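A short worksheet on the structure shown next.
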Amino acid sequence: MQQFLLYSPEVAAARAAGKAIVALESTIISHGMPYPQNVQMAREVEQIIRDAGAVPATIAIMDGKICIGLNEQQLELLGTSPDAMKVSRRDLPFVLAQRKLGATTVAATMICAELAGISVFVTGGIGGVHRGAETSFDISADLQELAHTSVAVVCAGVKSILDIGLTLEYLETYGVPVVSVGQRGFPAFFTRESGFNADFQLDTPAEQAAFIHTKWQLGLKGGVVVSNPVPAAEAMPKAEIDAITEQALQEADTQGITGKQVTPFLLSRIKQLTDGRSLATNIALVKNNARCGAALALAMHAHQN
Amino acid sequence: MQQFLLYSPEVAAARAAGKAIVALESTIISHGMPYPQNVQMAREVEQIIRDAGAVPATIAIMDGKICIGLNEQQLELLGTSPDAMKVSRRDLPFVLAQRKLGATTVAATMICAELAGISVFVTGGIGGVHRGAETSFDISADLQELAHTSVAVVCAGVKSILDIGLTLEYLETYGVPVVSVGQRGFPAFFTRESGFNADFQLDTPAEQAAFIHTKWQLGLKGGVVVSNPVPAAEAMPKAEIDAITEQALQEADTQGITGKQVTPFLLSRIKQLTDGRSLATNIALVKNNARCGAALALAMHAHQN
Amino acid sequence: MQQFLLYSPEVAAARAAGKAIVALESTIISHGMPYPQNVQMAREVEQIIRDAGAVPATIAIMDGKICIGLNEQQLELLGTSPDAMKVSRRDLPFVLAQRKLGATTVAATMICAELAGISVFVTGGIGGVHRGAETSFDISADLQELAHTSVAVVCAGVKSILDIGLTLEYLETYGVPVVSVGQRGFPAFFTRESGFNADFQLDTPAEQAAFIHTKWQLGLKGGVVVSNPVPAAEAMPKAEIDAITEQALQEADTQGITGKQVTPFLLSRIKQLTDGRSLATNIALVKNNARCGAALALAMHAHQN
Ligand SMILES: [Mn+2]
Ligand SMILES: [Mn+2]
Ligand SMILES: [Mn+2]
Numbered sequence: 065m066q067q068f069l070l071y072s073p074e075v076a077a078a079r080a081a082g083k084a085i086v087a088l089e090s091t092i093i094s095h096g097m098p099y100p101q102n103v104q105m106a107r108e109v110e111q112i113i114r115d116a117g118a119v120p121a122t123i124a125i126m127d128g129k130i131c132i133g134l135n136e137q138q139l140e141l142l143g144t145s146p147d148a149m150k151v152s153r154r155d156l157p158f159v160l161a162q163r164k165l166g167a168t169t170v171a172a173t174m175i176c177a178e179l180a181g182i183s184v185f186v187t188g189g190i191g192g193v194h195r196g197a198e199t200s201f202d203i204s205a206d207l208q209e210l211a212h213t214s215v216a217v218v219c220a221g222v223k224s225i226l227d228i229g230l231t232l233e234y235l236e237t238y239g240v241p242v243v244s245v246g247q248r249g250f251p252a253f254f255t256r257e258s259g260f261n262a263d264f265q266l267d268t269p270a271e272q273a274a275f276i277h278t279k280w281q282l283g284l285k286g287g288v289v290v291s292n293p294v295p296a297a298e299a300m301p302k303a304e305i306d307a308i309t310e311q312a313l314q315e316a317d318t319q320g321i322t323g324k325q326v327t328p329f330l331l332s333r334i335k336q337l338t339d340g341r342s343l344a345t346n347i348a349l350v351k352n353n354a355r356c357g358a359a360l361a362l363a364m365h366a367h368q369n
Numbered sequence: 065m066q067q068f069l070l071y072s073p074e075v076a077a078a079r080a081a082g083k084a085i086v087a088l089e090s091t092i093i094s095h096g097m098p099y100p101q102n103v104q105m106a107r108e109v110e111q112i113i114r115d116a117g118a119v120p121a122t123i124a125i126m127d128g129k130i131c132i133g134l135n136e137q138q139l140e141l142l143g144t145s146p147d148a149m150k151v152s153r154r155d156l157p158f159v160l161a162q163r164k165l166g167a168t169t170v171a172a173t174m175i176c177a178e179l180a181g182i183s184v185f186v187t188g189g190i191g192g193v194h195r196g197a198e199t200s201f202d203i204s205a206d207l208q209e210l211a212h213t214s215v216a217v218v219c220a221g222v223k224s225i226l227d228i229g230l231t232l233e234y235l236e237t238y239g240v241p242v243v244s245v246g247q248r249g250f251p252a253f254f255t256r257e258s259g260f261n262a263d264f265q266l267d268t269p270a271e272q273a274a275f276i277h278t279k280w281q282l283g284l285k286g287g288v289v290v291s292n293p294v295p296a297a298e299a300m301p302k303a304e305i306d307a308i309t310e311q312a313l314q315e316a317d318t319q320g321i322t323g324k325q326v327t328p329f330l331l332s333r334i335k336q337l338t339d340g341r342s343l344a345t346n347i348a349l350v351k352n353n354a355r356c357g358a359a360l361a362l363a364m365h366a367h368q369n
Numbered sequence: 065m066q067q068f069l070l071y072s073p074e075v076a077a078a079r080a081a082g083k084a085i086v087a088l089e090s091t092i093i094s095h096g097m098p099y100p101q102n103v104q105m106a107r108e109v110e111q112i113i114r115d116a117g118a119v120p121a122t123i124a125i126m127d128g129k130i131c132i133g134l135n136e137q138q139l140e141l142l143g144t145s146p147d148a149m150k151v152s153r154r155d156l157p158f159v160l161a162q163r164k165l166g167a168t169t170v171a172a173t174m175i176c177a178e179l180a181g182i183s184v185f186v187t188g189g190i191g192g193v194h195r196g197a198e199t200s201f202d203i204s205a206d207l208q209e210l211a212h213t214s215v216a217v218v219c220a221g222v223k224s225i226l227d228i229g230l231t232l233e234y235l236e237t238y239g240v241p242v243v244s245v246g247q248r249g250f251p252a253f254f255t256r257e258s259g260f261n262a263d264f265q266l267d268t269p270a271e272q273a274a275f276i277h278t279k280w281q282l283g284l285k286g287g288v289v290v291s292n293p294v295p296a297a298e299a300m301p302k303a304e305i306d307a308i309t310e311q312a313l314q315e316a317d318t319q320g321i322t323g324k325q326v327t328p329f330l331l332s333r334i335k336q337l338t339d340g341r342s343l344a345t346n347i348a349l350v351k352n353n354a355r356c357g358a359a360l361a362l363a364m365h366a367h368q369n
């Protein structure tokens, strides 16, 4: 499988020097934010990780290779290509075999990070159980990846357009630990509290790393959700985002939007209804996660060496 | 585990000569069609595979062994024994340890094919999420096998007595790729279209093989659904089969048929209500899949050598 | 992973002498019964296993170690500590890394038994799909453990406060075999019959061991449910326990008890409403399972040597 991996010079040097590496996904660049904020955010997040003493590895699929680490032009390409494909587990062999341009979701980034020996991955929020999944069975492949693939995923929780309670039940059934940083509550992406608790509160990178390291040493494969709430100063007011989410859900219902169309519709409406403030919060939480993830990668690294 | 495998002389010779082999299931013989059409169909399907340059390996459990390749008498026995047991994953150790006669479902055939090193398996249709599974939790073990066992399953989609939409959602959650041949639409067994799309359209055996080979080279274990629509000339009219399915579902409801009894009742009523035309379509689609699977096995073989 | 395992002198000697070992869980001691009945029951169950010629290994987490076999003081500690943590798969790395006191559930005991090379585990009842899981997604992690971890779990079935039918459907989807001992019916913990059948009736330890051994020899990982009905003399009348369960469910509803609070409420109400007779039945069925499990471990042992 190593023949599919192509390391950037920066990441190759980090591997040779035995430095801590942090994986980053790319659908947030291609599908999650408008240009040029997406590329600017990607660069700044990478720099935050460098400043913290670790090495960033943004992951994407190009020319039949899994690129571990992207250069300026590759980030630009991802940020501007309208036809970059959103790649989950089932899509990985397709984009590789057909040499298409692919941006990796949480699930696919976990797979590629594990292949590349990277144990910490920073993203905005993970996928989950969709509202209405009791009858639609619409459950993100990210959750099965967390059940099986051994990567720690630093995120700001799960967006409240999803069903957070059902997502936590699903993770419990599959034995995926959900850790919270600095609080016991499980955050809800735009806000610090979801009304649900994480399984464990582990505040320091050393505690988080000891937990994760112990899990894998036991032979318990699979991911760990490290949920890191958005900083209070940049969080959206819970009442406001809840009301906007409710409004967007009702609009989807009135306009007859169903199935696969619901999530993109909700995300787009929330962006409009918040006058772009949701985008600022999104960027802030990703940067905050980058700081958390870099510190965790350095702490994990101490265990591995 | 190799001690359980018994290869027929034809399959043993094919293995020694390094030929492409195609697995075939046996519940279609024991439980899927009446005698003597079942045995005749089995023979003709095997011959189609030989004519295409590959070697057929019909799989069944006999005398404490997993038989990979059956002779004339063994096919006859399976086609006429009223007590052949339908064997899924959970049943395999039982029929083997108790030396019973077992016909393998899609799930068990995948397991046995993988044990025997066979990567392509031809069947009629796969199991799926049953209508009403939101409350009954009745979901075929075939889907979990597709999630974990590395065999490409050539089929004509999923029978419309199942919930095709929920089946595709379930496969997406588990990262199982669904490929369609010659069209983007996912077929519905008796008809060419289900109203849902496959994930990818891959028309040539070379493209299909490159996709499957890439998946497994990446270390992404699990099956691939290669859905091959029934030829137009032999498909049933969609309106007719939908109406008949609806009628059968209502009869089941009126007659108080529930749980495990529903599927056999529906399949039997559909056969009656179509005056046996559903059987002709069933045989036609299996033969069509045999052609597709043999070509795929030859193309896969080129990758492996 | 072996660095986490700490064998008691009795279990270490059994391993050195190549004796049959039976794993026992510890949440039944810490959370399942009041003191001192819990510790007394634990001692008696261990003695039943010794009397049958096997060696008991009660499992718990203490001081950063997975203890395989507990001494008198450790049993006493578990039976009296109000802060012993209930440990499932997701919790194992937490209690180990944080050096807390942990009592293992069915899921965690299976993991620890497999790590310690113990293939038979005796408990009271397994977790399952909760009533209302169609909308709550509340499904015990025990079921996923049965799908993946190769340990035979001797139990008296599933408590009727759970949804037994959905639990059996779930196990079928995941290919987990459900065996019954002495009858075809699947038992319901306090009673001998649930109204559902097991997949197979295997009455003798030799038959059970041959089945389990064959499963694992085939490379089919995962557990086997060996369901052993409570002895008739000690079973609760089905009508009575059903009525009491119904009453407790209605009380939970009236009192607005929901989510995670439901199960502890039901179990506590059932104990009250049966005037403690449910506790006597619970102890009787665990002892009965210890006899069954010891015989199975001896029979499995014959296969392994
Ligand atoms: Mn989805
Ligand atoms: Mn079923
Ligand atoms: Mn639960």
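Residue numbers (our numbering), protein chains in the order written: chain A, 65 to 369; chain B, 65 to 369; chain C, 65 to 369. Heads up, the beta-carbon is just placed ideally off N, CA and C, and yes, glycines get one too. These numbers were taken from a predicted model, which means no experiment stands behind them.
| Item | Value |
| --- | --- |
| Can you give the Cα-Cα distance for K335/A and T309/A, rounded to whole angstroms? | 10 Å |
| Using a Cβ-Cβ cut-off of less than 9 Å, give me the residues of the region 292-313 of chain A that come near chain B, in sequence order. | none |
| Confirm, please, whether the CB-CB distance from M300/A to R248/A is below 8 Å. | no |
| Check whether the Cβ atoms of V186/C and G166/C lie closer than 8 Å to each other. | no |
| Under the assumption that A220/A contacts L88/A (Cβ atoms under 8 Å), give the Cβ distance between them as a whole number of angstroms. | Going by Cβ atoms, the distance from A220/A to L88/A rounds to 14 Å, so no, they are not a contact pair. |
| Are at least three pairs of beta-carbons, each pair with one atom in the region 218-232 of chain A and one in the region 255-273 of chain A, less than 8 Å apart? | yes |
| Which residues in chain B have a C-beta closer than 8 Å to the C-beta of T199/A? List them in chain order. | E198 |
| Could you tell me which chain C residues have their CB closer than 7 Å to the CB of K279/A, listed as they occur along the chain? | P157 |
| Is T322/C close to chain B, meaning its C-beta is less than 8 Å from at least one C-beta of that chain? | no |
| Expressed to the nearest angstrom, what Euclidean distance is found between the alpha-carbon atoms of S291/A and A77/C? | 44 Å |
| Do E178/B and S214/B have their C-beta atoms closer together than 8 Å? | yes |
| I want to see whether chain E comes within less than 8 Å of P269/B, judged by CB atoms only; does it? | No chain E appears in the structure shown, which is made up of the protein chains A, B and C. |
| Measuring only from the beta carbon, is E236/C closer than 7 Å to any heavy atom that is part of ligand 2? | yes |
| My parser needs the beta strand (DSSP E) runs of 3 or more residues fully inside the region 135-164 of chain A; what are they? | 149-151 |
| Chain B partners of V119/C, CB-CB under 9 Å? | By Cβ distance, chain B contributes nothing, its closest Cβ being about 26 Å from V119/C, past 9 Å. |
| Pick out whichever of L69/C, V75/C and V86/C has its Cα sitting closest to the Cα of R355/C. | V86/C |
| Is the CB of M65/B under 8 Å away from at least one CB in chain C? | yes |
| Decide if T327/A is buried, meaning its Cβ has at least 16 other Cβ atoms within 10 Å, or exposed. | buried |
| Taking DSSP as the reference, what is the three-state secondary structure of F185/B? | strand |
| For the alpha helix (DSSP H) that P328/C lies in, which residues bound it at each end? | V326 to L337 |
| Buried or exposed for T169/A, going by 16 or more other Cβ atoms inside 10 Å? | buried |
| What residues in its chain sit with their C-beta under 6 Å from that of A84/A, if we drop five residues either side in the sequence? | A118, A361, L362 and H365 |
| For M126/C, count the other beta carbons within 10 Å of its own beta carbon; 16 or more makes it buried, fewer makes it exposed. Which is it? | buried |
| How many Å lie between D339/C and W280/B at the Cα? | 59 Å |
| Is F68/C close to chain A, meaning its C-beta is less than 8 Å from at least one C-beta of that chain? | yes |
| Assign N352/A to buried or exposed, taking buried as 16 or more other Cβ atoms, counted over all protein chains shown, within 10 Å of its Cβ. | buried |
| How is the beta strand (DSSP E) around T122/B delimited, first residue to last? | V119 to M126 |
| I want to see whether chain A comes within less than 8 Å of E178/B, judged by CB atoms only; does it? | no |
| Who are V86/C's beta bridge partners in DSSP? | P120/C |
| What residues from chain C crowd round D263/A, counting only those whose CB sits closer than 9 Å? | R154, D155 and F158 |
| Can F275/C and A172/B be called in contact, C-beta distance under 8 Å? | no |
| By the 8 Å beta-carbon criterion, what residues does the region 199-219 of chain A contribute toward chain B? | T199, S200, F201, D202, I203, S204, A205, L207, Q208 and E209 |
| Do you know how far the Cα of I130/C is from the Cα of A273/C? | 27 Å |
| Would I190/A and D202/A be called neighbours here (beta carbons separated by less than 8 Å)? | no |
| Apart from the five residues on each side of it in sequence, which residues of its chain come closer than 7 Å, Cβ to Cβ, to V242/A? | L232, L235, F250, A262, D263, V289 and S291 |
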